[in-house]
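Have a look at the structure below, then the notes.
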Amino acid sequence: MRPGELRQAKWEEFDLEAGMWEVPAERMKMRVPHLVPLSPQTLATLEQLRELTGNTELLFPGRSNIRKPISDNTWRQALHAMGYKVTAHGFRATASTLLNEMGYRADAIERQLSHGERNKVRAAYNRAEYLEERREMMNHWGGYLAALENGQKVVPIHHKKQQAS
């Protein structure tokens, strides 16, 4: 997700039993609602976060005003404090690159990133969500990140060969 979309996330948007986050159109760059399959690792993190902020509307409320989300600068400071020298948005590029290298289909990756179709004719006809493929992809991605976090040497396993377009 884009940093702003995540910063402004509300608990009411999450169906933790179904493992799905529905981001409303008004918060999306393309002004279209976006479904986000949640990995088991993400669901576990959300359960931990709920203990801290579950009594507020926002997942990430501001410290001085809980009705407003934390700022972009708060994200940057947290990342830098953890030793990351990237922007929050840079994680999207990293995920896209690695998921492509793992062999996931570009259509599913682009839909996960909520990118619009550049081909106007295709965009007019193709409204696929690729939810099952995206759920599998996010589960794999969550496991990949968990392995990295645990210090394991991770060799990406290619999902499957992409078909030539």
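In the UniProt record's numbering, the protein residues as written are 1 to 165.
Where is the CB? At the ideal position from N, CA and C, for every residue including glycine.
Bear in mind the structure is a predicted one, so any value in this text is a computation, not a measurement.
For residue 66, which of 52, 20, 109 and 15 has the nearest alpha-carbon?
Cα-wise, what sits closest to residue 66 is 52.
Pull up the distance between the alpha-carbon of residue 152 and that of residue 144, whole angstroms please.
Those two C-alpha atoms are separated by around 10 Å.
Is the stretch 92 to 106 touching the stretch 38 to 51 in the sense that three or more CB pairs, one from each, lie closer than 8 Å?
Not touching, per the Cβ criterion.
Buried or exposed: which applies to residue 40, given that a residue is buried once 16 or more other Cβ atoms fall within 10 Å of its Cβ?
Classification for residue 40: exposed.
Report the three-state DSSP secondary structure of residue 49 (helix, strand or coil).
DSSP places residue 49 in helix when its eight states are reduced to three.
Local Cβ density within 10 Å of residue 94, reported as buried at 16 or more and exposed below that
Residue 94 should be labelled exposed.
Exposed or buried, what is residue 133 when buried is set at 16 or more other beta-carbons lying within 10 Å of its beta-carbon?
Of the residues assessed, residue 133 falls on the buried side of the cut-off, its CB having 16 or more other CB atoms within 10 angstroms.
Spatial neighbours of residue 165 within its chain, please: C-beta separation below 6 Å, excluding the five flanking residues on both sides.
Bear in mind that the predicted position of residue 165 carries a pLDDT of just 47, short of 50, making it unreliable; the figure below should be weighed with that in mind. Sequence-distant partners of residue 165 (beyond 5 residues in either direction) whose C-beta falls short of 6 Å from its own C-beta are missing from its chain.
Can you tell me which of 15, 3, 50 and 14 puts its alpha carbon nearest to the alpha carbon of residue 28?
Answer by Cα proximity: 3.
Within 6 Å: the Cβ of residue 149 and any heavy atom of the ligand FAD?
Looking for the ligand FAD in the displayed structure turns up nothing, as the structure carries no ligands at all.
Residues near residue 30 in its chain [Cβ-Cβ closer than 7 Å; skip 5 each side]
Hits under 7 Å: 114 and 116.
Under 7 Å between the Cβ atoms of residue 69 and residue 58?
Yes, they are a contact pair.
Reduced DSSP category for residue 91 - H, G, I as helix; E, B as strand; rest coil
DSSP places residue 91 in helix when its eight states are reduced to three.
Could you have a look at residue 17 and say whether DSSP puts it in helix, strand or coil?
Three-state result, residue 17: coil.
For a quick check, are the C-beta atoms of residue 32 and residue 25 less than 7 Å apart?
Between residue 32 and residue 25, the C-beta spacing is below 7 Å.
Length of the line joining the Cα atoms of residue 42 and residue 106
Distance between the alpha carbons of residue 42 and residue 106: 22 Å.
Selected residue, minimal CA-CA separation from residue 73, among 82, 88, 83 and 64
Looking at the Cα atoms, 88 is the closest of the given residues.
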